[in-house]
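**Q** Can you read through this structure? Questions will come right after.
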């Protein structure tokens, strides 16, 4: 059994270059993975090509992959950084991360946590660390669910305290965007149930045909196609990171028929689920 979306979790202190004790500059760098950093003590600045953001104890930082960034520590600090593959995280976590990135794309994102949220994030990171150890030892069959819950808690805490964009006057296009985002959230939360497009539309006071048209225009896929893609992506994650039987995975991600799951998997992926699983084991 493998769980690979967490690349590493690092407890850090400042990297000092000709600085006073407790202060320092970290040279600019970038990662192919996403990063979450929690500042536990101290203060300083995070910077990128077009940002210079002051950070302090209690700040939760999201950094998308590929952004060249560095930091200057002005007051002795420590914290925790998590590097992870956002393409391999569970479905609802993907939605939460996409929602955060959508507000301010290609930027370092900062959420200033209150004391209660800070304690919850610290507990979630501790749980994430502990369960990753158990997964690697292959000794706790519930560790993957606990890892998912921990990452959800971290991202939800970020979004709860993140600064929102200024609110423009609400016009028809803004209403449509909010409606589609609400539908996407519901899909990522309930993809494993018997979702019906008519129900998604009705809950947003739209006819099914109008909902399909607006959704397809905004997302680039029909609602049905999008639900299938979410289910298949989650199936691929489970095939790669668990030893669950294929038929069980098909049911877990929302397919009522194993044969339908096989048919769609081959159509979209080009391999059977078992072929894909075996290939992913040899090419992690």
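Residue numbers (UniProt numbering): 1 to 284. Quick reminder that beta carbons are idealized off the backbone N, C-alpha and C, glycines included. Owing to the predicted nature of the structure, the values given are computational and were not obtained by experimental measurement.
Do residue 37 and residue 79 have their CB atoms nearer than 7 Å?
**A** Cβ distance < 7 Å, so residue 37 and residue 79 count as in contact.
**Q** So, for residue 240: in the same chain, excluding its five sequence neighbours on each side, which residues have a beta-carbon less than 6 Å away from its beta-carbon?
**A** Here the set comprises 280.
**Q** Evaluate residue 126 with the Cβ neighbour count: other Cβ atoms within 10 Å of its Cβ, from every protein chain shown; 16 or more gives buried, anything less gives exposed.
**A** Exposed, since its Cβ has fewer than 16 Cβ neighbours within 10 Å.
**Q** Restricting to Cα atoms, I'd like to know which of 195, 217, 254, 92 is closest to residue 150.
**A** Minimum Cα distance to residue 150 is reached at 92.
**Q** How many angstroms separate the CA atom of residue 214 from the CA atom of residue 181?
**A** Roughly 12 Å separates the two Cα atoms.
**Q** Verify whether the separation of the beta carbon atoms of residue 30 and residue 67 is less than 7 Å.
**A** Yes, they are a contact pair.
**Q** Rounded to a whole number of angstroms, what is the C-alpha to C-alpha distance between residue 271 and residue 265?
**A** Roughly 7 Å separates the two Cα atoms.
**Q** To which residues does DSSP link residue 56 through a beta bridge?
**A** DSSP output for residue 56 lists 43 as bridge partner(s).
**Q** Over the uninterrupted beta strand (DSSP E) stretch that includes residue 114, give me the two end residues.
**A** Neither: residue 114 is in no beta strand (DSSP E) and is coded neither H nor E.
**Q** Where does residue 192 fall in DSSP's three states?
**A** Of the three classes helix, strand and coil, the one that applies to residue 192 here is coil, per DSSP.
**Q** Enumerate in chain order the residues of its own chain whose CB-to-CB distance from residue 238 is below 8 Å, with the five nearest sequence positions on each side excluded.
**A** 244, 249, 252, 253, listed in sequence order.
**Q** How is residue 32 classed by DSSP in three states: helix, strand or coil?
**A** Three-state DSSP puts residue 32 in coil, outside helix and strand.
**Q** Does DSSP put residue 84 in a helix, in a strand, or in coil?
**A** Here residue 84 sits in strand by DSSP.
**Q** Thinking residue 230 and residue 188 are a contact (beta carbons under 8 Å), I'd like their distance in whole angstroms, please.
**A** So it is a contact: roughly 6 Å between Cβ atoms.
**Q** Considering only the alpha carbon of each residue, which of 174, 175, 201 lies closest to residue 186?
**A** When only C-alpha atoms are compared, the closest one is 201.
**Q** Do you know how far the Cα of residue 259 is from the Cα of residue 98?
**A** Looking at the two C-alpha atoms, the distance is approximately 31 Å.
**Q** Is the Cβ-Cβ distance between residue 108 and residue 51 less than 7 Å?
**A** Closer than 7 Å, so yes.
**Q** Quick check on the DSSP output: the beta strand (DSSP E) that includes residue 8 runs from which residue to which?
**A** From DSSP, the beta strand (DSSP E) with residue 8 extends over 6-12.
**Q** Would you tell me roughly how many angstroms separate the C-alpha atoms of residue 287 and residue 106, rounded to the nearest one?
**A** The shown model of the chain, from 1 to 284, leaves out residue 287, and the question about it has no answer.
**Q** Terminal residues of the continuous alpha helix (DSSP H) containing residue 107?
**A** Residue 107 -> no alpha helix (DSSP H), and no H or E assigned at all.
**Q** Assuming residue 57 contacts residue 42 under a Cβ cut-off of 8 Å, what Cβ separation, rounded to an integer in Å, is found between them?
**A** With a Cβ gap of about 6 Å, residue 57 and residue 42 count as contacting.
**Q** For residue 246, which of helix, strand or coil comes out of DSSP?
**A** Correct three-state label for residue 246: helix.
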